[in-house]
Structures are given as structure tokens and as C-alpha cells.
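In the working numbering, the protein residues as written are 34 to 347. Cβ coordinates follow ideal geometry from the N, Cα and C atoms, glycine included. If you're wondering where the values come from, they're calculated on a predicted model, not measured in any experiment. A short write-up of the structure that comes next.
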């Protein structure tokens with residue numbers, strides 16, 4: 034069960050970041066000179082994928098253009114490991130065009146450097162690695178109430194997540210909650226026909242205690258965490274939340290908890306991105322989105338994951 038979740042979630046999370054106007058990597062530029070924008074959150078559970086776009090004027094309201102003529106190389110210890118394969122828009126389905134390794138699957142602790150070259154732009158580089166995964170110690174989940182309005186069912190729940198933070202080192206986390214649904218139809222003969230599992234969009238999760246050492250992410254279903262106040266300790270985090278679905282069209286599936294152990298660059302990028310989005314003004318002063326791309330913009334950052342899940346019933 035978890036192997037299918039692990040393959041599915043990285044694309045789901047990337048979809049949240051790339052497919053709405055406010056969730057794209059911020060690439061506004063006050064200068065006339067265009068620069069490359071790189072986006073890659075990579076893990077040890079899939080091949081390396083890199084998205085390439087370019088900065089745009091604050092006056093440009095057109096959708097982001099993802100570039101398909103880049104050369105993307107990955108290095109370890111200054112040795113070329115692989116040139117990434119271009120995946121054009123005609124082959125990526127719902128995803129923008131991107132670049133991926135065919136052989137390399139990133140490993141924990143290995144420092145990777147990518148170099149991206151596009152005609153007409155200065156080459157850009159970025160370096161990062163995947164930290165070791167911190168396992169989820171325990172999860173307590175319970176439905177606390179259900180209400181039905183017209184064709185929609187609203188489900189409320191409590192969930193508590195515990196893990197032990199490794200001592201004497203700085204650790205960063207991204208705790209993600211997802212509710213899976215299975216679309217279905219009933220044939221004239223009465224057979225139930227199931228479709229591909231989807232992620233339920235109207236899911237919101239809140240801290241039960243506002244003093245918890247977590248920062249809510251802008252997607253309203255995940256939290257960024259730094260171990261500044263609990264280094265080396267066991268941490269129990271309590272949340273409550275809700276989701277809606279149409280029981281005439283969907284069957285409730287697994288409620289998934291993903292604990293990402295993330296690099297410092299991942300944490301800094303996403304926490305500053307979330308803060309800027311929450312200002313509702315991409316040009317607001319005082320919030321600068323972190324990046325680790327030399328001569329360009331964007332993020333190249335590693336993470337590892339541990340999972341837990343609970344089956345739901347209609």
C-alpha cells in the first residue's frame with residue numbers, strides 16, 4: 034500500500050505548487066534582464082525531475098512558460114553523472130514540460146549539483162542533498178462528526194502525529210495531510226465502476242494548540258517545522274480538520290500523513306514563499322523568497338519521507 038502512496042505523492046505535491054497562479058514558483062523580476070528559474074524538490078523515492086522557466090515582468094499576466102530547450106546535467110563530486118532527458122509537453126499529460134533522469138535515483142546524503150543551460154541565458158547551478166528520513170512514531174486519527182448538506186458530506190476529524198527528533202543537529206520538516214477519494218459510477222446492470230484515485234481538494238487542517246512549534250503552509254493542509262524548541266525530544270502534534278466530498282460520486286479512501294525530513298534550503302524556500310503568498314501582494318517589502326540557484330532563481334532541494342495512513346469508510 035505504501036509503495037503506491039510513495040510514487041503518487043511527489044507529483045501531487047508538485048501539482049499544488051505549479052498549477053494555480055499563486056502556487057507557481059515566484060519569478061517576477063523588476064529588471065529587464067531575463068533569468069532562468071529552476072524548480073526541483075527531489076527525494077530518494079523517484080528519479081530526479083527539474084522544471085525550467087524564466088523570470089517575467091510584474092506586468093506580465095500570461096501563464097508561466099516552461100522551457101523545453103534546456104540542457105540539464107547532474108554532477109556528484111564534480112563528475113558528470115547524467116544528462117537529464119527532456120520530457121516535452123506532448124508527453125507529460127497534466128504536468129508542464131520538465132527534465133528527468135533515466136538512471137539516477139537520488140540517494141540520502143549524496144551532494145548533487147545541477148547545471149542548467151538554455152540558449153540566450155547565463156548557465157545556472159544549484160547544489161543540495163537529501164537528509165535521512167525521520168520515521169513517524171505514531172498516529173492517532175478519529176472522525177469527530179459528519180454532516181450532509183444537499184449532495185455534499187462534511188467530515189471533521191482529529192489527528193495527532195508523534196516523532197522523535199534526532200539530537201544535536203538542526204532538523205527541518207514538512208508535515209503533509211492528504212485525503213484520497215475514489216470516483217465511481219454505477220452501470221445500468223448495477224456494477225460499481227471505480228476510477229483512478231484523486232486527492233480531495235477541499236481539505237483544511239488546523240493546529241489544536243496555537244503554541245505548537247509549526248508554521249502553517251499556504252495550502253492549508255500542511256505545516257513547516259524547525260526543531261529549534263524541541264531538539265532531540267519526542268514531539269506530539271495535535272490537529273483538527275475537515276473535508277467535503279459527494280458520496281454519490283466518490284468513495285473515501287486513505288487519509289495519508291507524510292512526514293518529510295527536508296533540507297534547510299527546502300525549509301527556507303517554502304516558508305518564505307508561504308509568507309509572501311499570504312501577504313496577497315507579490316511585491317510587498319519585507320518578504321524575500323529564498324533561493325539557492327546561482328546566477329538564476331528558484332529552488333533545488335532534497336527531502337525524504339515517512340508515511341502513515343488510515344482507511345476511511347463511507
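Discussion item. Taking the alpha carbon of residue 277 as the reference point, which residue from 213, 71, 323, 138 has its own alpha carbon closest?
Written reply: For residue 277, the closest alpha carbon among the candidates 213, 71, 323, 138 is that of 213.
Discussion item. Taking its Cβ as the centre, do 16 or more other Cβ atoms sit within 10 Å of residue 337, making it buried, or is it exposed?
Written reply: It counts as buried.
Worksheet entry | Which listed residue (145, 118, 150, 111) has its alpha carbon closest to that of residue 86 | That would be 150, whose Cα lies nearest to the Cα of residue 86.
Fill in: Continuous beta strand (DSSP E) stretch holding residue 253: start and end
From DSSP, residue 253 is part of no beta strand (DSSP E); its letter is neither H nor E.
Worksheet item: Exposed or buried, what is residue 118 when buried is set at 16 or more other beta-carbons lying within 10 Å of its beta-carbon?
Response: Under this definition residue 118 is an exposed residue.
Worksheet item: Fully enclosed by the segment 114-153, which beta strand (DSSP E) runs are 3 residues long or longer?
Response: Correct list: 118-120, 131-133, 145-150.
Worksheet entry | For residue 274, the residue or residues it bridges with in DSSP | By DSSP's assignment, residue 274 forms a beta bridge with 190, 238.
Discussion item. On the DSSP letters alone, give me the boundaries of the alpha helix (DSSP H) that residue 305 sits inside.
Written reply: Counting along the chain, the unbroken alpha helix (DSSP H) around residue 305 starts and ends at 297-311.
Fill in: residue 262, DSSP secondary structure in three states
Here residue 262 sits in helix by DSSP.
Discussion item. Can you check which of these residues, 332, 340, 342, 344, is closest to residue 146 by C-alpha distance?
Written reply: Minimum Cα distance to residue 146 is reached at 332.
Worksheet item: For residue 17, which option in 111, 169, 189, 105 has the closest C-alpha, if you only look at C-alpha atoms?
Response: No information on residue 17 is available, as it lies outside the stretch 34 to 347 that the chain covers here.
Practice prompt. Please determine, among 290, 293, 136, 283, the residue with the shortest C-alpha to C-alpha distance to residue 226.
Written response: If we check each option's Cα against that of residue 226, 283 comes out closest.
Practice prompt. Could you tell me the boundaries of the beta strand (DSSP E) in which residue 109 lies?
Written response: Element bounds for residue 109: 104-109.
Discussion item. Do residue 196 and residue 292 have their beta-carbon atoms positioned less than 8 Å apart in this structure?
Written reply: Between residue 292 and residue 196, the C-beta spacing is below 8 Å.
Worksheet item: For the segment 229-239 against the segment 248-264, are there 3 or more C-beta pairs whose distance is under 8 Å?
Response: Yes: the two stretches touch, three or more of their Cβ pairs being nearer than 8 Å.
Worksheet entry | Neighbourhood of residue 100 by C-beta distance below 7 Å, restricted to the same chain and skipping five residues each side | Closer than 7 Å at Cβ, skipping near neighbours: 85, 86, 87, 151.
Discussion item. If you follow the beta strand (DSSP E) that residue 74 is in, where does it begin and where does it stop?
Written reply: Its beta strand (DSSP E) spans residues 69-76.
Worksheet item: Whose C-alpha, out of 249, 193, 261, 304, is nearest the C-alpha of residue 288?
Response: Proximity to residue 288 across 249, 193, 261, 304 peaks at 193, based on C-alpha coordinates.
Worksheet item: Three or more beta-carbon pairs under 8 Å between the segment 184-193 and the segment 108-123, yes or no?
Response: No, the segment 184-193 does not touch the segment 108-123.
Worksheet item: Contact check, residue 137 vs residue 81 under 8 Å by CB: the rounded distance?
Response: Indeed, because the Cβ distance is near 6 Å, the residues count as touching under 8 Å.
Fill in: Same chain, Cβ closer than 6 Å to residue 172, five either side skipped, listed in chain order
Around residue 172: 194, 290, 341.
Worksheet entry | Residue burial classification, residue 335 (beta-carbon count within 10 angstroms, cutoff 16) | A residue is called buried when at least 16 other Cβ atoms come within 10 angstroms of its Cβ; residue 335 meets this threshold and is buried.
Practice prompt. Give the secondary structure of residue 344 by DSSP, where H, G and I count as helix, E and B as strand, and everything else as coil.
Written response: Strand.
Worksheet entry | Where residue 329 falls, given that 16 or more other Cβ within 10 Å makes a residue buried | By the 10 Å Cβ count, residue 329 comes out buried.
Worksheet item: Where does residue 88 fall in DSSP's three states?
Response: In this structure, residue 88 counts as coil in the three-state DSSP scheme.
Discussion item. Between the alpha carbons of residue 55 and residue 201, how many angstroms are there, rounded?
Written reply: Residue placement at residue 55 is poorly supported in this model, since its pLDDT is 32, which falls under 50; the coordinates still yield a value, given next. Distance between the alpha carbons of residue 55 and residue 201 is about 37 Å.
Item to complete: Check residue 267 in the structure and name its three-state DSSP category.
Response: The three-state reading of DSSP puts residue 267 in strand, counting E and B together.
Worksheet item: Could you give the C-beta distance for residue 166 and residue 144, rounded to a whole number, given that I count them as a contact under 8 Å?
Response: That belief does not hold up - the Cβ atoms of residue 166 and residue 144 are roughly 17 Å apart, past 8 Å.
Worksheet item: Ends of the beta strand (DSSP E) at residue 205?
Response: Going by DSSP, residue 205 is part of the beta strand (DSSP E) stretching over 205-219.
Worksheet item: So what does DSSP say about residue 284, is it helix, strand or coil?
Response: In the structure shown, the three-state DSSP call for residue 284 is strand.
Practice prompt. Using the Cα positions of residue 135 and residue 107, report the straight-line distance between them to the nearest angstrom.
Written response: Their backbone Cα atoms lie some 12 Å apart in a straight line.
Worksheet item: Grouping DSSP H, G and I as helix and E and B as strand, with all else coil, what is residue 176?
Response: Looking at residue 176 - three-state DSSP - the assignment turns out to be strand.
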